[in-house]
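Chains as they are written, first to last, in the working numbering: chain A, 39 to 364; chain B, 3 to 353. Note that the Cβ used here is the ideal one computed from N, Cα and C, for glycine as well. These figures come from a predicted structure and were not determined experimentally.
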Amino acid sequence: MTFTANAPKSIPDKRQITTKPRISDKIFRGILTAMSMSSLLILTLIGLFLSLRGFQAFQTQGIGFITKVDWTAGVDGSPDSFGLGAMIVGTLLISATALVIGVPLSVLTALYLTFYAPESLKRTLVTLVDLMASFPSILYGLWGFIVLMPMAEYWAQLIHKYLGWIPIFGMPSPAYTRSPFIAGLVLAIMIIPIVTSVSREIFNQTPLDRIQAAYALGATRWAMIKAVVLPFGASGVVGGAMLGLGRALGETVAVYSVLNIVFKVNFQVLYGFGGNIASMIVGKWGEASLTESKALLAAGFVLFVMTLIVNLLANFIVRRTVKTGK
Amino acid sequence: MTTIANTTSVQPTKPWKVTKRQLIPNLVLLIAAAAVTYAIVAISPMKGKLAYVLLFFIFGTGFQAALSWSKRGKSAATDTIAAAIMMTGGFLVFLPVVSLLFTTIAKGIKGLRPQIFTNTMEATSYSDPLTSGGLLHAIIGTLFLILIATVISLPLSILTALYLTEIKGKASGFIQFLVQAMSGVPSVVAGIFIYAALLLTTNLRGSTIIGALPLAILMIPTVTRTAQEVLLLVPNELREAGLALGATQWKTVATIVVPAARNGLITAVILGVARIAGETAPLLFTLGTSDKVNWNIFSGGQNALPYYVWSGLRDGTEGGLQRAWTGILVLLILVLTLFVSARIFGSRKVK
Numbered sequence: 039m040t041f042t043a044n045a046p047k048s049i050p051d052k053r054q055i056t057t058k059p060r061i062s063d064k065i066f067r068g069i070l071t072a073m074s075m076s077s078l079l080i081l082t083l084i085g086l087f088l089s090l091r092g093f094q095a096f097q098t099q100g101i102g103f104i105t106k107v108d109w110t111a112g113v114d115g116s117p118d119s120f121g122l123g124a125m126i127v128g129t130l131l132i133s134a135t136a137l138v139i140g141v142p143l144s145v146l147t148a149l150y151l152t153f154y155a156p157e158s159l160k161r162t163l164v165t166l167v168d169l170m171a172s173f174p175s176i177l178y179g180l181w182g183f184i185v186l187m188p189m190a191e192y193w194a195q196l197i198h199k200y201l202g203w204i205p206i207f208g209m210p211s212p213a214y215t216r217s218p219f220i221a222g223l224v225l226a227i228m229i230i231p232i233v234t235s236v237s238r239e240i241f242n243q244t245p246l247d248r249i250q251a252a253y254a255l256g257a258t259r260w261a262m263i264k265a266v267v268l269p270f271g272a273s274g275v276v277g278g279a280m281l282g283l284g285r286a287l288g289e290t291v292a293v294y295s296v297l298n299i300v301f302k303v304n305f306q307v308l309y310g311f312g313g314n315i316a317s318m319i320v321g322k323w324g325e326a327s328l329t330e331s332k333a334l335l336a337a338g339f340v341l342f343v344m345t346l347i348v349n350l351l352a353n354f355i356v357r358r359t360v361k362t363g364k
Numbered sequence: 003m004t005t006i007a008n009t010t011s012v013q014p015t016k017p018w019k020v021t022k023r024q025l026i027p028n029l030v031l032l033i034a035a036a037a038v039t040y041a042i043v044a045i046s047p048m049k050g051k052l053a054y055v056l057l058f059f060i061f062g063t064g065f066q067a068a069l070s071w072s073k074r075g076k077s078a079a080t081d082t083i084a085a086a087i088m089m090t091g092g093f094l095v096f097l098p099v100v101s102l103l104f105t106t107i108a109k110g111i112k113g114l115r116p117q118i119f120t121n122t123m124e125a126t127s128y129s130d131p132l133t134s135g136g137l138l139h140a141i142i143g144t145l146f147l148i149l150i151a152t153v154i155s156l157p158l159s160i161l162t163a164l165y166l167t168e169i170k171g172k173a174s175g176f177i178q179f180l181v182q183a184m185s186g187v188p189s190v191v192a193g194i195f196i197y198a199a200l201l202l203t204t205n206l207r208g209s210t211i212i213g214a215l216p217l218a219i220l221m222i223p224t225v226t227r228t229a230q231e232v233l234l235l236v237p238n239e240l241r242e243a244g245l246a247l248g249a250t251q252w253k254t255v256a257t258i259v260v261p262a263a264r265n266g267l268i269t270a271v272i273l274g275v276a277r278i279a280g281e282t283a284p285l286l287f288t289l290g291t292s293d294k295v296n297w298n299i300f301s302g303g304q305n306a307l308p309y310y311v312w313s314g315l316r317d318g319t320e321g322g323l324q325r326a327w328t329g330i331l332v333l334l335i336l337v338l339t340l341f342v343s344a345r346i347f348g349s350r351k352v353k
C-alpha cells in the first residue's frame, strides 16, 4: 500500500529539453547586446554633435565652406569667410606624398620580412616595426622638427635641382623649410608600420602549393614573388595602403610640428607652405571666437567623414582579400 | 628523452646551403664596389654621404648581378637585383626607428635628473634652465588619464568583444563594421567632439575626467579588436564542456572563457593604454591646463606628459625644447614598458 502510494513521488519529472535561453542568459545577452551598441552610439554622437554645432558654418558659407580658399573671421561685423579648400588640397597632397614614399618601402619591407630575412633577424625586425607603431605621434613631430627637417631640406634641394622641370617639384623662390614634402616624409614613416603589417599578413597567406609549384617549375625567388605573391596580395596591399591613408589624413600633432600652414592652394610639394585640416584646427583653436570655433567643428566634421569613408573602404578591401584569398 | 636525442643525432645535410667558399666571390665584389665608389666620389663632383650610399648600392648590386649572370644567366641576375632592392628597402625602414630611439635617449638624458620627478612647473617657466621645475604634475596627470580612460572603456570594449565572439548575434557584422569605423576616428576629431558635446555651450571647463573621455573613445576599438582575437583563440571545447555540465551561458563565459583568456585580455588593455598614453591632440581641447599637481579629477585643469612635451615644443626656446626631449623620454619609457609587458603577457595568450 505505502509502496504504491509513495512510488510516483520518488520518480522525478521528465526533464524538459529546450534550447530556449534561461532568464540569466537573457539578461546576459541583453547586457552584451546593449553594450555592443556603444560604438554605434559614439559614432552617431560624433557625427551629430560636430554637424549640429558646425551647422552655422555650413549654413552661412554654403558650398564655399569646401571650395573657398581663405579663412578669415570677420572683424566688426564684416562677413566671415571660412573656406577649407586650401586645407583639403593640402591634406590630400601631404597624404599622397606619404603614400608615394611609404607604401613602396612598406611592401619591400614586408616582402623582405616574409621571404628573405633569416628567422632570427626576422623576429627582431618585426618587433621593431610593431614598436614603431606604438611611438606617440608627438615624438614623430619633435623628431621630424629637430632631426629630419635639416636633412629633408637638403634632399628637397637635390630633388629640385635634378627634377625641378617637373611642375610638382617646382620652386617659385627658395623656401624649403616646413614644406608638404617634409610633412609627407614624417607621415610616411608613421604609416609604414600599418602598411607593412597588413601586407605581411596578406603575403603570409599566399597558398604554399602555389609557391612550391613556382619553385618546382624552376622559378627564382623573385620570379616566384612576381608570379604568385604579388598578384595574390595586390588588393590586400591596396587595402593596407588605404588604412595608412586613413591614419595620414587625420594625423595632427606630427604634421603641425613640421608644416607651415598657410591658407593658399599649393601643389608644389617642396615649397615651404601647405595645409592640413587636423593641424589647422589645432592651430586656429587658441584665438578662435565662438563663430570661428563652430566653423572649426564643421571642419572636424569634414575630416571625420573623409577618414570614415577611407577607413571603411580599406577594411572592406582587406577583409575581402583575407576571406576569399583572391 | 635523452636516449632518443642521442640515437637521432645525425644532422640532416643541406646540399643547397651556400658554403663559406661560395661566399668569397660575393665578398670580393662588395669590397671592389666600395673601392670604386670611393674612387668616383674622390674624382667626380658628387660629394656627401648620399653619394656614397647611392653609388655603393648601384655598384654593389651591379657587380653581384653580373656574378649571378655569369653563373646562372639572366633570371638569376634579376633575382639578385630584386633581393638587393628589398634588403635596402627593409634597411631604410629601420633607419628612422634607430634614429628616433637614439635621438630621444641622447637628447632626453641630459634633462633626466631626479629632481624633475619631485618638482612641478608651478614656479618655473619652460624657458628657465633645467635646474628648476619638473614634470611630476604631468606624470600624475597621465596616470589619472590612463586610469579613468581604462575604467570607462574597459567594460564597453570587453563586453563588445564578448558579444562578437560569444553571442554572434544578428548584428555581429554590423558591430564589427562599426568598431573598425571607430578605429579610424582621428584623435583630433575625438577631442573636438567632446568639446562640442560638453564644453562649447555649457559652463563646464576642461578637467581630468573630461580629458579622459576622448582617450576612452580612442581606446575602445583597440581593446575590442585585440580582445576579440584572443577570445577566438579559446577552444570551443571549453565552452561546450561548460554548457554540457549544465552551466548557463553566462556562467560558462564568466567562469571558463574569460579566465582562460585572461592573459590575452590583459594584453588587450595594455595595448589600448599604449595607444592613448602618448595622445596629444585631444588633450588640447579637453584637459584645460595646470602647472601643479591637481588631485581633483572633476574640476580644475590637468597636465599630462604629451601635453608637457607639446608645451615645451611650442615654447621653442632652448630650455623648452630640452624639457620636451626629457618629457618625451619619460613618455617613451612608459610606452616601452607597456609594449614589453604586452609582449610578455601576449606570448601566453590562452592558458
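Below the 7 angstroms Cβ cutoff, chain B contributes Thr250, Gln251 and Trp252 as neighbours of Asp63(A), in chain order. Here the C-alpha atom of Met280(A) lies approximately 7 angstroms from the C-alpha atom of Asn349(A). Pairwise C-beta distances place the segment 257-274 of chain A out of contact with the segment 180-191 of chain A, as fewer than three of them are shorter than 8 angstroms. As the crow flies, the alpha-carbon of Ala316(A) is around 14 angstroms from that of Glu281(B).
Contact check for Ala124(A) against Gly277(A) fails: the beta carbons are separated by 9 angstroms or more. When CB distances to chain B are screened at a threshold of 9 angstroms, the residues of the segment 270-295 of chain A falling below it are Leu281, Gly284, Arg285, Leu287, Gly288, Glu289, Thr290, Val291, Tyr294 and Ser295, in chain order.
Not flagged as an interface residue toward chain B: Val141(A), since no C-beta distance is shorter than 9 angstroms. Counted as a single uninterrupted DSSP element, the stretch harbouring Gly302(B) is not any alpha helix (DSSP H), since DSSP gives it neither H nor E. When C-alpha distances from Ile142(B) are compared across Val311(B), Trp297(B) and Ser301(B), the shortest belongs to Trp297(B).
Nearest CB-CB separation between Phe179(B) and chain A: below the 9 angstroms threshold. Rounded to whole angstroms, the Cβ separation of Ala218(B) and Ser155(B) is 4 angstroms, and the two are in contact under 8 angstroms. For the pair of segments examined, the segment 178-185 of chain B was found not to touch the segment 255-264 of chain B: the number of CB pairs separated by less than 8 angstroms stays below three. At a Cβ-Cβ threshold of 9 angstroms, Leu177(A) and Thr122(B) do not count as neighbours. The C-beta of Ile219(B) comes closer than 9 angstroms to at least one C-beta of chain A.
Glu330(A) places its beta carbon less than 9 angstroms from that of Asp118(A).
Boundaries of the alpha helix (DSSP H) harbouring Ala246(B): Asn238 to Ala246, taken from the DSSP string.
Counting only runs of 4+ residues, the alpha helix (DSSP H) found wholly inside the segment 78-166 of chain A occupies 93-99, 102-105 and 123-149, in chain order. Residue contact with chain B for Trp109(A): absent (no Cβ-Cβ distance below 9 angstroms to any residue of chain B). Met75(A) has a beta carbon lying within less than 9 angstroms of a beta carbon in chain B.
Per DSSP, the continuous alpha helix (DSSP H) segment holding Trp71(B) begins and ends at Lys51 to Arg74. Contact between the segment 197-215 of chain B and the segment 93-111 of chain A is not established, with fewer than three Cβ pairs separated by less than 8 angstroms. Going by C-alpha positions, Ser127(B) is about 15 angstroms away from Leu138(B). Beyond the five residues adjoining it in sequence on each side, Ala95(A) comes within less than 7 angstroms, by CB distance, of Phe103, Phe120, Lys332, Ala333 and Ala336 in the same chain, given in chain order. Beta-bridge partners assigned by DSSP to Gly312(A): Ile299(A).
Leu180(B) is classed as buried because its beta carbon has at least 16 other beta carbons within 10 Å across all chains shown. Taking a contact as a CB-CB distance under 8 angstroms, the pair Trp312(B) and Val291(A) counts as one, their CB atoms being some 7 angstroms apart. DSSP places Trp203(A) in the coil class of the three-state scheme, outside both helix and strand.
Each of Ile80(A), Val224(A), Thr152(A) and Leu308(A) was checked against the Cα of Leu246(A), and the nearest Cα belongs to Thr152(A).
Between Val167(A) and Thr147(A), the C-beta spacing is below 9 angstroms. Straight-line measurement puts the Cα of Ala214(B) at about 21 angstroms from the Cα of Phe341(B). Neighbours of Ser189(B) across chain A, judged by C-beta separation under 9 angstroms: Ser175, Gly288, Glu289, Thr290, Val291 and Ala316. Taking a Cβ-Cβ threshold of 8 angstroms, the residues of chain B close to Phe66(A) are Thr250, Gln251, Trp252 and Val255, in chain order. A buried status is given to Phe339(A), since no fewer than 16 other beta-carbon atoms sit within 10 Å of its beta-carbon. Within the same chain, Cβ atoms closer than 8 angstroms to the Cβ of Ile249(A) are found at Met262, Val266 and Val267, the five residues on either side in sequence being excluded. Using a Cβ-Cβ cut-off of 9 angstroms, Lys332(A) counts as an interface residue toward chain B, since at least one Cβ of chain B sits closer than that to its own. Within the segment 85-100 of chain A, the residues whose Cβ lies closer than 7 angstroms to some Cβ of chain B are Phe87, Leu88 and Arg91, listed in chain order.
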